[in-house]
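Undergrad: I have a structure here, written as structure tokens, and I will follow up with some questions on it.
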Amino acid sequence: MEMFKLWENYLPVGIRNHKEGISTTEDLKKALLQKCESMDIPMVRVASVERWKNPPFLPWMPEEFYPQSIYPEAKSVIVIGLPIPLPVLETSPSIYYRELYNTVNSLLDQYTY
């Protein structure tokens, strides 16, 4: 239960209230994935922070935003995503694209705060 002393304030309420049954990292991951499923978050993964050291794409994010720059003890990060229809992306710049962008970002904010 040591991990919860550090992370308790950052856990979603649904997981925080049921932490008694969580004793390992795998239990925490399972509880997190179940919570995301109950919130209808279609894409969620837990990734190693090592992915930021050698990204499979061009590094577009400044190093000060890397997980271990923010929290040096970090070992994993939670990544969530929402599907975006390709036809709308291909209309950029357009009102459709702008509205979808605003909607997706609003939903991501709601899911994560």
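Residue numbers (full-length UniProt numbering): 1 to 113.
Positions of the beta carbon are idealized from the N, C-alpha and C atoms, including for glycine.
1. Which same chain residues end up closer than 6 angstroms to residue 45 when comparing Cβ atoms and leaving out the 5 residues on each side of it in sequence?
2. Output the residue ranges of the alpha helix (DSSP H) runs that lie fully inside the stretch 52-89 and measure 4 residues or longer, sorted by chain position.
3. Taking residue 48 as part of the alpha helix (DSSP H), name the residues at either end of that continuous run.
4. Less than 8 angstroms separating the beta-carbons of residue 82 and residue 39?
5. Residues in its own chain within less than 6 angstroms of residue 108 by CB, not counting five upstream and five downstream?
6. What's the gap between the Cα of residue 27 and the Cα of residue 111?
7. Name the two residues that bound the continuous alpha helix (DSSP H) containing residue 27.
TA: Let me spell this out:
1. Apart from the 5 residues on each side of it in sequence, residue 45 sits with its Cβ closer than 6 angstroms to the Cβ of 79 in its chain, given in chain order.
2. Counting only runs that start and end inside the stretch 52-89, the alpha helix (DSSP H) elements of at least 4 residues fall at 67-70 and 86-89.
3. Residue 48 -> not in any alpha helix (DSSP H); beta strand (DSSP E) instead, spanning 43-48.
4. At least 8 angstroms separates the beta-carbon of residue 82 from that of residue 39.
5. Same-chain partners within the cutoff: there are none.
6. If you take the alpha carbons of residue 27 and residue 111, they lie about 21 angstroms apart.
7. In the DSSP assignment, residue 27 falls within the alpha helix (DSSP H) that extends over 25-38.
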